[in-house]
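*Asks:*
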Amino acid sequence: MSMILLFSLLFSQSILVTSKQQLPVVLMHGIASDKTNMNDMQLWLQDTFNLTVFNVDIGNGYDTSVNTPMMQQTQLLCQVLADIPELSGGFNFIGMSQGGLLARSYTEMCNNPPVNNLLTLVSPHGGEYDSDSLFNIVDVYGNLLQTTTSFASYWRNPNRYQEYLNKCSFLPALNGEKITLNTNKYRNNLLSLNNFVMFWSTVDDVVKPAQSGKFSVYDSDLNIIDLADTIMYKQDIIGLRTLNETSRLYVYNTDCPHNQNKSPSC
Numbered sequence: 149m150s151m152i153l154l155f156s157l158l159f160s161q162s163i164l165v166t167s168k169q170q171l172p173v174v175l176m177h178g179i180a181s182d183k184t185n186m187n188d189m190q191l192w193l194q195d196t197f198n199l200t201v202f203n204v205d206i207g208n209g210y211d212t213s214v215n216t217p218m219m220q221q222t223q224l225l226c227q228v229l230a231d232i233p234e235l236s237g238g239f240n241f242i243g244m245s246q247g248g249l250l251a252r253s254y255t256e257m258c259n260n261p262p263v264n265n266l267l268t269l270v271s272p273h274g275g276e277y278d279s280d281s282l283f284n285i286v287d288v289y290g291n292l293l294q295t296t297t298s299f300a301s302y303w304r305n306p307n308r309y310q311e312y313l314n315k316c317s318f319l320p321a322l323n324g325e326k327i328t329l330n331t332n333k334y335r336n337n338l339l340s341l342n343n344f345v346m347f348w349s350t351v352d353d354v355v356k357p358a359q360s361g362k363f364s365v366y367d368s369d370l371n372i373i374d375l376a377d378t379i380m381y382k383q384d385i386i387g388l389r390t391l392n393e394t395s396r397l398y399v400y401n402t403d404c405p406h407n408q409n410k411s412p413s414c
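Residue numbers (the working numbering): 149 to 414.
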């Protein structure tokens, strides 16, 4: 299905419109880019749906997206959004790729001002792992990469799972794979959403597995474990099962390569 049809569907079914006054939208770009990467999406949303759209950067944009750990990026994002007075009554959040992880981490960790609807585009919710990657010959869970890069924060090697749980600085806690003092807060904030909408691509050429865009993960043999079969979902640790059972969790797929999913022409 095309992005145009998907967004039109969401608006026509009132999934993104919960009152007569449409909420503003915030866009968050992905890794190795800056807010100009989302300009086409911004203009299309403004022109097609007459929305107020804030296309944001954190830090210095490109460099921060690559060279800053995700927990620190989340803290920066929380401050950026708190400083936009037009968002005080709530907003809809659309994140592309790594930006979708940031949008979700903002929702779970801060959510002030509150997110009404969360939409993520081909985001590695279940982590990223490529068995052929050069990242496997470096100490991805060591202090150096965990404190100086973003990708290491969500690199989920299923053959080093215990090390991932113990040393990965971001995703295990965000996904409730590692229980912390903040787990209940993360769950409650996610459950405050009106809707959580995930887009993943059947031909994603960046996120591995592609199904990570809908929280699926690899097992140690690189077989796909569907979200519904994960402990996180079965035990409803961060609220995804409740969102699903209350008709607030939506999953759609596109047939566009990864980077095209931010384009209205997808």
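Glycine is no exception: its CB is placed at the ideal position from the N, C-alpha and C atoms.
These figures come from a predicted structure and were not determined experimentally.
Beta carbon of Leu355, beta carbon of His406: below 9 Å?
*Replies:* Counting from 1 along the sequence shown, the entry for residue 355 is found at position 207. Counting from 1 along the sequence shown, the entry for residue 406 is found at position 258. The residue asked about is misnamed: residue 355 is Val in this sequence, not Leu. Against a cut-off of 9 Å, the Cβ pair of His406 and Val355 comes out as a contact.
*Asks:* Do you know how far the Cα of Arg396 is from the Cα of Met257?
*Replies:* Numbered from 1 along the sequence shown, position 109 holds the residue referred to as residue 257. Numbered from 1 along the sequence shown, position 248 holds the residue referred to as residue 396. One C-alpha to the other measures close to 20 Å.
*Asks:* Do you know how far the Cα of Met189 is from the Cα of Val201?
*Replies:* Walking along the sequence shown from the start, residue 201 turns up at place 53. Walking along the sequence shown from the start, residue 189 turns up at place 41. In a straight line, the C-alpha of Val201 is about 10 Å away from that of Met189.
*Asks:* When you compare only the Cα positions, how much space is there between Leu322 and Ser413?
*Replies:* Counted from its first residue, the sequence shown places residue 322 at position 174. Counted from its first residue, the sequence shown places residue 413 at position 265. Between Leu322 and Ser413, the C-alpha separation is close to 32 Å.
*Asks:* For Leu388, which residues of its own chain have a beta-carbon under 6 Å away from its beta-carbon, when the five flanking residues on both sides are left out?
*Replies:* Position 240 of the sequence shown holds residue 388. So the list reads Tyr381, once near-sequence residues are dropped.
*Asks:* At what residue ranges does the segment 164 to 236 contain a whole run of the beta strand (DSSP E), taking only runs of 3 or more?
*Replies:* With a minimum length of 3 residues, the continuous beta strand (DSSP E) runs that stay inside the segment 164 to 236 are 173 to 176, 201 to 204.
*Asks:* So, for Gln246: in the same chain, excluding its five sequence neighbours on each side, which residues have a beta-carbon less than 6 Å away from its beta-carbon?
*Replies:* In the sequence shown, counting from the first residue as 1, residue 246 sits at position 98. Only Gly178, Ile179 meet the Cβ criterion.
*Asks:* Just checking my contact of Gly209 with Thr216 at CB under 8 Å: how many whole Å lie between their CB atoms?
*Replies:* Residue mapping note: residue 209 aligns to position 61 of the sequence shown, counting from 1. Residue mapping note: residue 216 aligns to position 68 of the sequence shown, counting from 1. Gly209 to Thr216, Cβ: 11 Å. No contact.
*Asks:* At the level of alpha carbons, what is the spacing between Tyr289 and Ala300?
*Replies:* The sequence position of residue 289 within the sequence shown is 141, counting from 1. The sequence position of residue 300 within the sequence shown is 152, counting from 1. Each residue's alpha carbon lies about 7 Å from the other.
*Asks:* For the segment 327 to 342 against the segment 350 to 366, do three or more pairs of beta-carbon atoms, one drawn from each stretch, fall closer than 8 Å, so that the two count as touching?
*Replies:* Short answer: they don't touch.
*Asks:* So within the segment 259 to 319, which uninterrupted beta strand (DSSP E) runs reach at least 3 residues, ignoring any that extend past its ends?
*Replies:* Segments of the beta strand (DSSP E) lying fully in the segment 259 to 319: 263 to 269.
*Asks:* State the start and end residues of the unbroken beta strand (DSSP E) segment that holds Arg397.
*Replies:* Taking the sequence shown and counting its residues from 1, the one referred to as residue 397 is at position 249. Note on identity: in this sequence residue 397 is Leu, with Arg being the wrong assignment. Start and end: 397 to 402.
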